[in-house]
Amino acid sequence: MKNKILLSIMVLLLVGLDSMISITNGKRAQIQQVRKEVSQVNKQQRYMNTQIDYLQTTYNANDDQAKNDLLRFAKTYYTFSSQSDYDQRFSQISDILSLSNNQKNQLFDSGLDATGGSRIDNLGLTSQYETATGYTSDLNHQIIESLATVIVQTSGTGQKSINQTILLHGWFNTKTQKLTSIKINQIQ
Numbered sequence: 003m004k005n006k007i008l009l010s011i012m013v014l015l016l017v018g019l020d021s022m023i024s025i026t027n028g029k030r031a032q033i034q035q036v037r038k039e040v041s042q043v044n045k046q047q048r049y050m051n052t053q054i055d056y057l058q059t060t061y062n063a064n065d066d067q068a069k070n071d072l073l074r075f076a077k078t079y080y081t082f083s084s085q086s087d088y089d090q091r092f093s094q095i096s097d098i099l100s101l102s103n104n105q106k107n108q109l110f111d112s113g114l115d116a117t118g119g120s121r122i123d124n125l126g127l128t129s130q131y132e133t134a135t136g137y138t139s140d141l142n143h144q145i146i147e148s149l150a151t152v153i154v155q156t157s158g159t160g161q162k163s164i165n166q167t168i169l170l171h172g173w174f175n176t177k178t179q180k181l182t183s184i185k186i187n188q189i190q
């Protein structure tokens, strides 16, 4: 009888041990599955962080480029002391511009008066870029809006030099990396 009881206890212990091993293996499989899923989430998170970093870097680079191009436009556009300087302004900055012909003609007129003479040379007109501060706004459909407050010193023959404040509003295309439109507003 003792042997039967001992045998029954041993059988119960073996069944219990088998159940424990079975449960442990099931838990191990669940733990492995959770580890796999955590690994996938970590990979996706690293990928997303890389994409976010790339977008921020790209946006910041385009943002800086938009601002710098508008300031370069201002410096070149508002610096001339002769008809020759006035005529060369567009060629000095054409690499950063992609303007419509209409806007190009409006911004870069010939500087000649109705008789064909040079208004710039005849009136002794000069313009000197002094300083500017640039700003940019949000990206919208691959276009960054950029603003610049520009101070220029202008004068003419027999006239005292005066400072003028001008607000430039430019639109920068991130695909072409060029200013596609520029609007000029005189503040004073």
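According to our numbering, the sequence shown is numbered sequentially starting from 3. We treat Cβ as the ideally placed atom computed from N, Cα and C, and that holds for glycine.
Note to self: Would you call the stretch 102-113 in contact with the stretch 45-54, where contact means no fewer than 3 C-beta pairs closer than 8 Å?
What the structure shows: no
Next item on the list: Would you mind sorting D71 into buried or exposed? The rule is 16 or more other CB atoms within 10 Å of its CB.
Entry: Residue 71 sits at position 69 when you count from the first residue of the sequence shown. Counting Cβ neighbours within 10 Å, D71 comes out buried, since at least 16 surround it.
Item checked: Of the residues I153, E132, N62, the one placed nearest I146, counting alpha carbons only -> Working through the sequence shown from its first residue, we reach residue 146 at position 144. Ranking the options by Cα distance to I146, first place goes to N62.
Check: For A134, does the count of other Cβ atoms within 10 angstroms reach 16, so buried, or fall short, so exposed?
Finding: Along the sequence shown, one-based indexing puts residue 134 at 132. Per the 10 Å Cβ criterion, buried.
Checklist line | Three-state class that DSSP yields for A116 in the structure shown | finding: As a position in the sequence shown, residue 116 is number 114, starting the count at 1. Three-state DSSP puts A116 in coil, outside helix and strand.
Margin query: Which residue wins for smallest C-alpha separation from N64, given the options T138, L127, A76, Q34?
Written below: Position 62 of the sequence shown, counted from the first residue, corresponds to residue 64. Considering only alpha carbons, the answer is T138.
Notebook entry, point to check: Helix or strand or just coil, what does DSSP make of L170?
Noted result: Walking along the sequence shown from the start, residue 170 turns up at place 168. Residue state, collapsed to three classes: strand.
Next item on the list: Let me know if S93 comes out buried or exposed under the rule of 16 or more other beta-carbons within 10 Å of its beta-carbon.
Entry: Looking up residue 93 in the sequence shown gives position 91. Exposed, by the Cβ-count rule.
Next item on the list: Report, in whole angstroms, the separation of the C-beta atoms of I168 and Q155, which I expect to be a contact under 8 Å.
Entry: Your numbering for residue 168 matches position 166 in the sequence shown. Your numbering for residue 155 matches position 153 in the sequence shown. Actually they do not touch by this definition, with Cβ atoms about 12 Å apart.
Margin query: If you reduce the DSSP assignment to three classes, tell me which class Q90 lands in.
Written below: Taking the first residue of the sequence shown as 1, we reach residue 90 at position 88. Here Q90 sits in helix by DSSP.
Notebook entry, point to check: From what residue to what residue does the alpha helix (DSSP H) around I189 run?
Noted result: As a working mapping, residue 189 is identified with position 187 in the sequence shown. Careful: I189 lies outside any alpha helix (DSSP H) and carries neither H nor E.
Check: Which class does F82 belong to by DSSP, given the choice of helix, strand or coil?
Finding: Here residue 82 is taken as the residue at index 80 of the sequence shown, counted from 1. Here F82 sits in strand by DSSP.
Margin query: Report the CB separation of S148 from F174 in whole angstroms; it is logged as a contact under 8 Å.
Written below: The residue given as residue 148 occupies position 146 in the sequence shown. The residue given as residue 174 occupies position 172 in the sequence shown. S148 to F174, Cβ: 6 Å. Contact.
Item checked: Anticipated Cβ contact below 8 Å, Q85 with S120, distance rounded -> Position 83 of the sequence shown, counted from the start, is the residue given in the question as residue 85. Position 118 of the sequence shown, counted from the start, is the residue given in the question as residue 120. About 4 Å separates the two Cβ atoms, so the contact holds.
Check: Per DSSP, G136 forms a beta bridge with which residues?
Finding: Counting from one through the sequence shown, the residue named residue 136 turns up at place 134. Note: G136 sits in a beta bridge opposite A150.
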